[in-house]
Amino acid sequence: MTTSALTENLRETLACFDDAGVPRTTNEVADRLDLGRRSTYDRLDRLVERGRLETKKVGASARVWWRPPSAADRTTAGEERPAVAGPLIDVIDDAEVGLFVLDADLEVVWLNETAERYFDLDRNRALGRDNRALVTEHLSDVIDDGASFAETVLAADEANTDTERFECHVTAGEDREERWLEYRSKPIESGDYAGGRIELYYDVTDRKRSAHACNTERTLLERVLEASPTGIAIFDTDGEIRRANQQFSKCLGLTETDPETYVLGGLPLLDEDGDVIPYAERPAARALATGESVVNQHGQVEGRDGQTRWLSINAEPLDDDAGVIVTVDDITQLKEQAKRLERQHDDLEAELDAVFERIDDAFYALDDEFRFTYVNDRAETLLGHSESELLGRNIWQALSVPVDDPLRDRYQTALATQTATSFERYSEPLDIWEIVKVFPSESGLSIYFTDISEQKERERDLEESERRYRTLVENFPNGMVTLFDDDLEYTLVGGELVKQCRLDPDQLVGAPAGTLFTEPATCDQVEAAYQRALDGETTTFEVTRNGRELWIQVSPVTDDDGIVFSGMAIYQDITERKRKERQLREHEATLERTTELLEQSQQLASVGAWELDVSTTPADLRWTDEVYRIHGLSPEQEVDLEESISFYHPEDQPPLREAIDRAIEDGSPYDLTLRIVPNDGDLRWVRSICDPVQTDGEVVALRGAFQDITERIEHEQDLERQREQLAALNNLNDVVRSITDEVIAQSTREEIERVVCERLAEAESYLFAWVGDVDVDSQTVNLRAEAGVDGYLDEITISTDPDDERSQGPTGRAILERETQTSQDIEADSRHDPWRDHIEQYGFRSSAAIPIVYEDTVYGVLNVYADRPNAFEGEERAVVSQLGEVVGHAIAATERKRALMSDDVVELQFRIRDIFAAVGADATAAGTITLDHIVPIENDEYLAYGTLTEDAIAGMDALVETIPHWADITYRTADGPTSFELRLSDPPVLSTIASLGGAIERVVIEDGDYRMTVLLAPGADVRRAIDVVQTTYPAAELLKHRQIARPDTTAERIRHVLTDELTDRQRAALEAAYHAGFFEWPRDASGEDVSESLEIAPATFHQHLRRAQKKIFESLLSGSRAP
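The sequence shown begins at 1 in UniProt numbering and counts up by one.
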């Protein structure tokens, strides 16, 4: 056992055993030191060898360590210390430990030089001072967190006990270095200073810095480890995992908890063939066994996530047999890419072989010593040797290439410079012209060569052709000829016109097209014509140059194979000819104008010509291009007589055949207007004129003109249709005015409906008319009146049920949609299919179904029929649609007048028990609510006036909040019950009652029960009124249905004024003012209040009110007024 001094690492390890005799495990010590288990074990083992620690085995593989008491107390308790003097002082002064000795009064009796240096103290001034003052006044000032330091030191001094060691940070000063110190303190139990204390300050700066650097390095290493794209793990010699980054888990497909339990060999590793690699042959096992690195071993692993991955694995053994580092890279994608590239390589190799077989050019390959490595079939043919004869032989010897042949130099240069080249040459051994293309590579040359002997022959032919053209150009009379190339530049210019225009042919060669002209537009025209010639098109046009008129024809120049290789332009001076033409036109101006007009007329009239040669069998038919165009055919198509007749409408074919037969038999000409159906499918009108040609009295041919007159026929038809529509519109306007005048004068609905039908049936534009309404129970249309027809609806049923197909006709849709529905052509309108067998007998072509509507009430439908198609378009539709509104208004007025003027009325009384529950209002029954009068205003809105008791206000507010058509309410308080004004918007019951000419006489809500009294004229649709009430309020009960005498509450003449003389606005203003309390004193409502309720201006309200008052006062005060 050795007792030599401990190293810094061993002192650090020994410091983990503060308390003597307390055992610790290897892992506990490793955690405190932040070291690996193997390194920690080595340190502990060396401390045991030095007698500083003891150890024993616990369990199967664990071990504990402890510090024996003798070792722990070797330098502290139980030993008497000699006096601080002599040589010992020198030793202590030189020690790297700051030392303070305190007496029983805690005064400093001694300190060493190290303490002076650490704390920048003056020993003489410090000696004899109270240590507490020294700590608080000096030491704490040079230490970070001096307050905490002072508190700890003073507490230890006060208690005079052993203290836990702690560290403090001394800051740097002018003569003081920054350092970290470890404070230790013990009481002096014997000797001169018994009762005092020894305070020690150990310099741990290097250890702190080392620990900090170690922590920094460890943190950096952790970051690098986690950031690494390579999976990294550290295993101990037992195969247990010590550390692994996330990429390692990802590569092995491990879950979050797997890495902690994973051991080497935990997953099978497979080789290329899918066989399991034995554990001893795996990288980590080999590295542990041999102590040598294993690099880039590939294998497959099926991870615990179910995926199979290819991995590249490296293993590096750690020093001192502490374990092994394993790195893994996922190379699955690389493996797949390698396989894919291998397949592509095989495919490309096969494709290259196929390409070589398909190459039309002769091809052979040479290695870097110019020996044949490949020869295709074409090359065998041209070289005159088979591939087997040439492979492996040098090209110069195999083909007997002379030493001075330039071919040798070209091949050698291409291989040496690795530069591709191509050239033309004549091969004497092969007796051919060829193009040779040489492509070098590091392994040799690839040579393509093509026999161009025929091309050379064509070039010679072209040169000969150009020579002939040149001769033509140079001697071209009265004009000029130019040749130009693909770049639109002149290659040859000549002809007499060149000399006449004083042009230099040599200067023009190479000049761009258009150089001969100065006008930009002319240059563009010439250039465009030259370009079209290179595209294979011939162009002819005329231009003016320097006062001379030129005719130009630009044509393509082709070789024997029809390939355009140049262009030619012929210029002719037509100035003189044009002058003579102008003179001729001047002498024959009238004839020229007539001819031009005739030509223009023929062109505008789409006139073509045709000829039928009947002297041949079969007869030969010829058309001009215009005839082909009219038929929608190409002029290249051949058409015989029968095929041409097949284009005509089936009804027009018989008369055409008869006319042709007569023309052939006796020479009778014809002029027919017929219909044809061209290839595009659109029907067209044509005029066919025939003039037979006779020889020796026998018809040998038929010649004629063929004109498309579709536009003229359609124009005539449009004019006729417009004339009919205009006549019908004029007639309809007269009829509508007459109907409007007459229906206003009628006193009953039946008379109104009868008059409307009769007047429409009497009109010239229409056949008949009828009016029907809806039977609510059966949802079918009933006939009410008809004219011009008898029993039109007797054998058919028209439904208003949207799910019934019989509701999809114009009548049903007009009622359902409340919009006019028209059928412009009954024959093509599928909506009439359910009744087609019945309606065809009436002979009409179009119809209109007009809903009879007033406000929101549909009284029925008016149907009008015409024998014209498209009779109800545009203005005619708009005018006839007005009849629905006129008739609806008249019927509504008649119903209302009858209800107001009748002495007898039908009284309906309804009750709704607990109206609040019935409508879902959040209120309880209380008080009484009475609606006394209702005034209609605009847009299907009404004002209802009434009173209520104070305890009924909350219930009234709840009803207004709940019932959708109760818009808002205004309360007006005065003496007695509270009055109110209730605005109603689109009330279904009130709107229907009003449309039937009835009125709601009174509404009372008392103790929650709702009672309503409705008055209707005797002839009104009572069933409809009952239905609308019970549909709107399902809880409504009909209590009374009786006919009673109208109470005589007003003078007859007042009733006459109210019903006949007051306008709707005047009556509304008068009633609203009365019921709003305008006439009370003091007034309950001002004129502004009433006008705001009516949503009109105050001035307008007062105007309507004064006029209504005047009429009523006149009826009261004038004795001549009829009641």
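Glycine included, C-beta positions come from ideal geometry on N, C-alpha and C.
In the DSSP assignment, residue 568 forms a beta bridge with 483 and 555. A contact is defined here as three or more CB-CB pairs under 8 Å, and the segment 416–423 fails this definition with respect to the segment 389–401. With distances taken between CA atoms, residue 441 lies nearest to 415 out of 742, 379 and 415. Straight through space, the alpha carbons of residue 1111 and residue 991 are spaced by roughly 28 Å.
Here DSSP, grouped into helix, strand and coil, assigns residue 846 to strand.
No Cβ-Cβ contact shorter than 9 Å links residue 552 with residue 564.
When only Cα atoms are considered, residue 173 and residue 142 end up about 8 Å apart. Burial state of residue 450 is buried, judged by a 10 Å Cβ sphere holding 16 or more other Cβ atoms. The segment 695–715 and the segment 609–620 touch, with three or more beta-carbon pairs separated by less than 8 Å.
Between the alpha carbons of residue 1034 and residue 1027 lies a distance of about 10 Å.
The beta carbon of residue 146 lies closer than 7 Å to those of 140 in the same chain, with the five residues before and after it left out. Straight-line spacing of the CA atoms in residue 413 and residue 444 works out to 12 Å. Under the three-state reduction of DSSP output, residue 16 falls in the coil class, being neither helix nor strand.
Between residue 621 and residue 607, the C-beta spacing is not below 9 Å.
For residue 946, the enclosing beta strand (DSSP E) has its first and last residue at 941–948. 9 Å or more divides the Cβ of residue 1005 from the Cβ of residue 978. Leaving aside the five residues that flank residue 386 on each side, the residues in its chain whose CB is nearer than 7 Å to its CB run, in chain order, 380. In this structure, residue 446 places its C-beta atom within 9 Å of the C-beta atom of residue 438. Taking all protein chains in view, the Cβ of residue 274 is surrounded by fewer than 16 other Cβ atoms within 10 Å, so the residue is classified as exposed. Cβ contact annotation for residue 187 (same chain, cutoff 6 Å, sequence separation greater than five): 160 and 197, in chain order. Excluding the 5 residues flanking it on each side, residue 548 has same chain C-beta neighbours closer than 7 Å at 573 and 575, in chain order.
Residue 297 is bridged by DSSP to 313. Assigned with DSSP and collapsed to three states, residue 193 falls in coil, not helix or strand. Going by DSSP, residue 251 is part of no beta strand (DSSP E) but of the alpha helix (DSSP H) stretching over 246–252. Straight-line measurement puts the Cα of residue 561 at about 26 Å from the Cα of residue 430. Between the segment 307–326 and the segment 273–287, the count of Cβ pairs shorter than 8 Å is three or higher; the stretches touch.
Proximity of the segment 533–541 to the segment 507–522 falls short of the contact definition, fewer than three beta-carbon pairs being nearer than 8 Å.
Contact check for residue 865 against residue 766 passes: the beta carbons are separated by less than 9 Å. Membership of residue 989 in the alpha helix (DSSP H) is indicated by the continuous run 988–995.
Residue 771 carries a strand assignment under DSSP once its states are collapsed to helix, strand and coil. Per the DSSP secondary-structure output, residue 690 pairs in a beta bridge with 670 and 704. Each of 810, 722 and 663 was checked against the Cα of residue 697, and the nearest Cα belongs to 663.
Contact holds between the segment 236–253 and the segment 299–311, because three or more Cβ pairs, one in each stretch, are under 8 Å apart.
DSSP places residue 1041 within a strand segment (E or B) once states are collapsed to three. Going by beta carbons, residue 127 and residue 106 fall outside the 9 Å limit. The alpha-carbon of residue 951 is positioned some 28 Å away from that of residue 1092.
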